[in-house]
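Contents: one structure, followed by commentary.
Right under this line is the structure:
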């Protein structure tokens, strides 16, 4: 029989939530500082596991600055973007082209069609 399955990927939110009545959920998205360096350290400490950064990602240039080949944290293998993607889907329609140079990913859709 095979051994137990091994976790190969973690999505890590880089902000420590303050629980209780001190902060509202909205405050927790803004006030505690983002700690991208904590996620980067996990990636260094566990190189056989893929770590994906979550929290505060608002643009494609920000992703390039954080985890691109010349970024601050190249050991992080991906990002998650939730609210920013939902707020501006057209901006994110070009993510594959911008991050990976995938010309085929260029949408032939108008902004109206994407929305």
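Numbering (the working numbering), first residue to last: 1 to 115. A virtual CB, placed ideally from N, CA and C, is assigned to each residue, including glycine. Note that the structure is predicted; figures quoted are calculated from it, not measured.
At which residues does the beta strand (DSSP E) containing residue 50 begin and terminate?
-> 50-54
Can you say whether residue 72 is buried or exposed, counting buried as having 16 or more other CB atoms within 10 angstroms of its CB?
-> exposed
In chain order, what residues of the same chain have a beta carbon less than 8 Å from the beta carbon of residue 2, not counting five sequence neighbours either side?
-> none
Nearest neighbour of residue 14, chosen from 49, 26, 38 [CA to CA] = 38
Determine the direct distance from the alpha carbon of residue 100 to that of residue 78, and round the result to whole angstroms.
-> 12 Å
Skipping 5 residues on each side, what residues in its chain have a beta carbon closer than 8 Å to that of residue 34?
-> 14, 15, 55, 56
Nearest candidate by alpha-carbon position, reference residue 82, set 60, 64, 102, 75 = 60
Residues near residue 50 in its chain [Cβ-Cβ closer than 6 Å; skip 5 each side] | 9, 77
Spell out the partners DSSP gives residue 21 in its beta bridges.
-> Looking at the DSSP assignment, residue 21 forms no beta bridge with any residue, so it has no partner.
Which residue comes first and which comes last in the beta strand (DSSP E) that contains residue 12?
-> 9-13
Buried or exposed (CB count within 10 angstroms, at least 16 for buried), residue 31 = exposed
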